[in-house]
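Single-structure report; data block below.
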Amino acid sequence: MTAVHDRPLALRRDLAVLIRPTGRIQIGSDPERALLVTPPDGVPAARFAAWLRSLDGSAGPDQLRARVAESGAHPAEVDAVLRELEHAGLVTAVAAAPSRSERRVRVHGPGPLGDGLCAALTGDGAQVSRSRRYTCDLAVDRWQTDLVVLTDDQVADPRLVMALIEAGVPHLQVRLRDGVGIVGPLVFPGSTSCLGCADLHRRDRDPEWPHLAAQLLGTIGCAPTATVMATTAVALHEIDRVFRRVADRPPATLDATVEVELDTNALVTRPWSPHPLCRCRTLRDASPAT
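Its first residue numbered 528, the sequence shown is counted upward by one per residue in our numbering.
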């Protein structure tokens, strides 16, 4: 039987933990997707429900076992419950992640997406800095940030993109194009595809793309308010995934973009592989194997 992860475990924050009259615990309120679990022998339902609610990623399996050991629960019973939760995708192993107050994010871009992200991230307790236009005297390597979010510009300033690549700063592009929200790609320099890779792929499909991109440089995309808000929400979710570092649920925008099109009620994921001619390739080839 598969062993439980040694890393801290977190129950999905959006799930309710409910006690049934039979003493069984229901995780989630959706009648089709909720999971029923039975408390270990001798452990009161209320105590076990409280234990489940405490799965916030701050404790590993050993600490979790100790929390219910006083009630006489055997470690094997606790492990069985944790495996059941993992198999159902309700609990995940997380790496050591910074608290929300330790998250450092720079939002770069002049427009509604940048405004919305700044407000939401600040309200969530992150350390947020803001810039709107890039000039060569801006030293990217001194920004003291863990993630840069490039917002609103339909085409990101290529000077800034290259500066971020050379400085090894992770960055996520978020923009609006023809009324559709686009989140991604999320770039980890030297490890993933980059914005330059995406441009080269577009050039391969349309040789005149560089001429069009030059005309879009410095322009801000627009869309209905609902699309702006939905795109902001998707971007916030991706940023949260970056910082939470959940082992089996990586960000969807790694080597990809997510398109938010409310008119068709669709979220479309479009892959963007590393391009063999991109300048980021040398960084990627020089990065240590994992």
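In this text, a Cβ means the ideal position worked out from N, Cα and C, and glycines have one as well.
Owing to the predicted nature of the structure, the values given are computational and were not obtained by experimental measurement.
Subject >> Val710 beta carbon less than 7 Å from that of Val632 >> reply: Taking the first residue of the sequence shown as position 1, residue 632 is located at position 105. Taking the first residue of the sequence shown as position 1, residue 710 is located at position 183. Cβ distance not < 7 Å, so Val632 and Val710 don't count as in contact.
**OP:** With DSSP collapsed to three states, give me the class of Asp684.
**Re:** Numbered from 1 along the sequence shown, position 157 holds the residue referred to as residue 684. In the structure shown, Asp684 sits in coil (DSSP, three-state: anything other than H, G, I, E or B).
Original post:
Any idea what DSSP makes of Pro712, helix, strand or coil?
Top reply: Within the sequence shown, the letter at position 185 stands for residue 712. Three-state result, Pro712: strand.
Original post:
Run through DSSP, which three-state label would Glu786 get?
Top reply: The residue you call residue 786 lines up with position 259 of the sequence shown. The answer is strand: DSSP assigns Glu786 an E or B state.
Subject >> Rounded separation between Ser800 and Asn792 - CA only >> reply: By 1-based counting over the sequence shown, the position of residue 800 is 273. By 1-based counting over the sequence shown, the position of residue 792 is 265. Cα to Cα, the separation comes out at about 26 Å.
**OP:** Please work out which residues of its chain come closer than 7 Å, Cβ to Cβ, to Ala537, disregarding the five sequence neighbours upstream and downstream, and give them in chain order.
**Re:** Stepping through the sequence shown from its first residue, residue 537 is reached at position 10. Around Ala537: Leu582, Asp583, Gly584, Val618, Thr619 and Val621.
Subject >> Among Arg539, Glu611, Val795 and Thr678, the one whose alpha carbon lies nearest that of Arg566 >> reply: Along the sequence shown, one-based indexing puts residue 566 at 39. The displayed chain sequence assigns Pro, not Arg, to residue 566. Minimum Cα distance to Pro566 is reached at Glu611.
Subject >> Rounded Cβ spacing between Ala770 and Arg660 (contact assumed at less than 8 Å) >> reply: Locating residue 770 in the sequence shown gives position 243, where the first residue counts as 1. Locating residue 660 in the sequence shown gives position 133, where the first residue counts as 1. A small correction: the amino acid at residue 770 is Phe; Ala does not occupy that position in the sequence shown. Contact doesn't hold; Cβ gap of about 26 Å is too wide.
Subject >> Whole-number beta carbon distance between Cys721 and Cys805, since they are thought to touch under 8 Å >> reply: To locate residue 805, count along the sequence shown from 1; it is residue 278. To locate residue 721, count along the sequence shown from 1; it is residue 194. Yes, they are in contact, since the Cβ atoms of Cys805 and Cys721 sit about 6 Å apart, within 8 Å.
Subject >> alpha helix (DSSP H) segments (min. 4 residues) lying fully within the segment 554-624 >> reply: 572-580, 588-596 and 602-614
**OP:** Using alpha carbons as the reference points, say which of Ile546, Asp673 and Ala573 lies closest to Ala561.
**Re:** Position 34 of the sequence shown, counted from the start, is the residue given in the question as residue 561. Considering only alpha carbons, the answer is Ile546.
Subject >> Candidates Leu563, Cys724, Arg704 and Leu743: closest to Leu513 by CA position >> reply: Examination of residue 513 is not possible in this model, given that the chain is present from 528 through 817 alone.
**OP:** Assign Thr746 to buried or exposed, taking buried as 16 or more other Cβ atoms, counted over all protein chains shown, within 10 Å of its Cβ.
**Re:** Here the question's residue 746 lines up with position 219 in the sequence shown. Flag for Thr746 reads exposed.
Original post:
Since Val514 contacts Ala600 with CB under 8 Å, what's their CB separation in whole angstroms?
Top reply: Here the chain comprises residues numbered 528 to 817, so residue 514 is not present and cannot be evaluated.
Subject >> Anticipated Cβ contact below 8 Å, Val682 with Ala740, distance rounded >> reply: Walking along the sequence shown from the start, residue 682 turns up at place 155. Walking along the sequence shown from the start, residue 740 turns up at place 213. With a Cβ gap of about 5 Å, Val682 and Ala740 count as contacting.
Original post:
Cα-Cα, which of Leu648, Asp790, Leu744 and Leu699 is closest to Ala783?
Top reply: Position 256 of the sequence shown, counted from the first residue, corresponds to residue 783. That would be Leu699, whose Cα lies nearest to the Cα of Ala783.
Original post:
In the DSSP assignment, what are the bridge partners of His635?
Top reply: Stepping through the sequence shown from its first residue, residue 635 is reached at position 108. In the DSSP output, where bridge partners are listed per residue, His635 has Ser658 and Leu677.
Original post:
Taking only runs of the alpha helix (DSSP H) that begin and end inside the segment 711-775, which ones reach a length of at least 4 residues, in chain order?
Top reply: 722-732, 736-743 and 752-771
**OP:** Identify the continuous beta strand (DSSP E) that holds Gln700 and give its terminal residues.
**Re:** Taking the first residue of the sequence shown as position 1, residue 700 is located at position 173. Residues His698 to Arg704.
Original post:
To which residues of the same chain is Ser556 closer than 6 Å at the C-beta, ignoring the five residues directly before and after it?
Top reply: Numbered from 1 along the sequence shown, position 29 holds the residue referred to as residue 556. Hits under 6 Å: Ala543.
Original post:
beta strand (DSSP E) containing Val544: first to last residue?
Top reply: As a working mapping, residue 544 is identified with position 17 in the sequence shown. Looking at the DSSP string, the run of the beta strand (DSSP E) that includes Val544 is Val544 to Ile546.
Original post:
When the Cα atoms are used, what is the spatial distance from Arg594 to Pro639?
Top reply: Here residue 594 corresponds to residue number 67 of the sequence shown, with the count starting at 1. Here residue 639 corresponds to residue number 112 of the sequence shown, with the count starting at 1. Going from the Cα of Arg594 to the Cα of Pro639 covers about 46 Å.
Original post:
Whose C-beta lies closer than 8 Å to the C-beta of Thr758 among residues of the same chain, with five residues either side of it excluded?
Top reply: Looking up residue 758 in the sequence shown gives position 231. Excluding sequence neighbours, Thr758 sits near Leu640, Val701, Leu703, Gly708, Ile709, Val710, Ala750 and Val787.
**OP:** Whole angstroms is fine: what's the gap from Asp731's alpha carbon to Pro737's?
**Re:** On the sequence shown, residue 731 is found 204 positions in, with the first residue counted as 1. On the sequence shown, residue 737 is found 210 positions in, with the first residue counted as 1. Taking the straight line from one Cα to the other gives about 10 Å.
Original post:
Going by beta carbon distance, what residues of the same chain come within less than 6 Å of Asp668, once the five residues before and after it are set aside?
Top reply: In the sequence shown, the residue the question calls residue 668 occupies position 141. So the list reads Ala694, once near-sequence residues are dropped.
Original post:
For Val795, is the classification buried or exposed, using 16 other Cβ atoms within 10 angstroms of its Cβ as the cut-off for buried?
Top reply: As a working mapping, residue 795 is identified with position 268 in the sequence shown. Exposed, since its Cβ has fewer than 16 Cβ neighbours within 10 Å.
Original post:
If you count every other CB in all the chains shown that lies within 10 Å of the CB of Arg797, and 16 or more means buried, which is it?
Top reply: Here residue 797 is taken as the residue at index 270 of the sequence shown, counted from 1. Per the 10 Å Cβ criterion, exposed.
Original post:
Can you tell me whether DSSP reads Thr529 as helix, strand or coil?
Top reply: Translated into the one-based positions of the sequence shown, residue 529 becomes position 2. Low local confidence applies: a pLDDT of 46 at Thr529 is under 50, so the model's placement there is unreliable, with the coordinate-based value given in what follows. In this structure, Thr529 counts as coil in the three-state DSSP scheme.
Original post:
What residue range is occupied by the uninterrupted beta strand (DSSP E) comprising Arg797?
Top reply: To locate residue 797, count along the sequence shown from 1; it is residue 270. It spans Ala793 to Pro798 - the beta strand (DSSP E) in which Arg797 sits, taken as one unbroken run.
**OP:** Would you kindly report the start and end of the unbroken beta strand (DSSP E) that includes Ala491?
**Re:** Given that the chain is displayed from residue 528 to residue 817, the structure contains no residue 491 and the question cannot be resolved.
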